[in-house]
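Down below is the structure, laid out as structure tokens.
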Amino acid sequence: MFKAEFLVFGMLLAFTLAYDTTYDDFDYEGMLKNERLVKNLVECLLSDEECANPVFQEVKKYAPEILETVCAKCTDQQKATFKKCTNLFMQSHHDDYEAIMKKMDPENKFRGPLEAFLAEP
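Numbering (mature numbering (1 follows the signal peptide of the UniProt record, and there is no 0)) for the sequence shown: -18 to -1, 1 to 103.
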């Protein structure tokens, strides 16, 4: 597993938290509509420093494993949220998504499986 310097996410990858359901009710879609929060999230994920926002720090903490396992340990609700929000983030902030992916997956090992998962209905 590579360093916890991101994700996706969390992916982006925006983003849902594996294992812990504490933030399942967080309004990720609403956050993605707030440019100030998106900017802070992206800066957090691209930085080597700890994030000031505790939700973003949790995303950053779990992002590498979520990316590597394509959210395998996520609940069904977390998978759905992760998929929806990551797709929204990819569409609305494509350059930021690419920067995060480059940092989190510089060898493109996980991009294919991740994007296949995101494309599933």
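By construction, the Cβ of each residue, glycine as well, lies at the ideal position given by its N, Cα and C atoms.
In this text, all values refer to a predicted model and were calculated from it rather than measured experimentally.
| Asked | Found |
| --- | --- |
| With a threshold of 8 Å, are at least 3 pairs of Cβ atoms found where one atom belongs to the region 33 to 45 and the other to the region 88 to 102? | no |
| Between histidine 75 and the rest of its own chain, which residues show a CB-CB distance below 7 Å, the 5 nearest in sequence each way excluded? | Val20 |
| Would you decide whether aspartate 30 is buried or exposed? Buried here means 16 or more other CB atoms lie within 10 Å of its CB. | exposed |
| Should proline 103 be labelled buried (16 or more other beta-carbon atoms within 10 Å of its own) or exposed? | exposed |
| Smallest Cα separation from asparagine 16: which of Glu89, Phe71, Phe64 and Thr57? | Phe71 |
| Is the CB-CB distance between glutamine 73 and threonine 3 below 9 Å? | no |
| What are the start and end residues of the alpha helix (DSSP H) that includes alanine 45? | 36 to 51 |
| With a 10 Å radius around its C-beta and 16 neighbouring C-beta atoms as the bar for buried, classify proline 36 as buried or exposed. | exposed |
| Closest by CA to glutamate 89, which one among Asn69, Lys66, Leu49 and Lys65? | Leu49 |
| So for phenylalanine 71, helix, strand or coil by DSSP? | helix |
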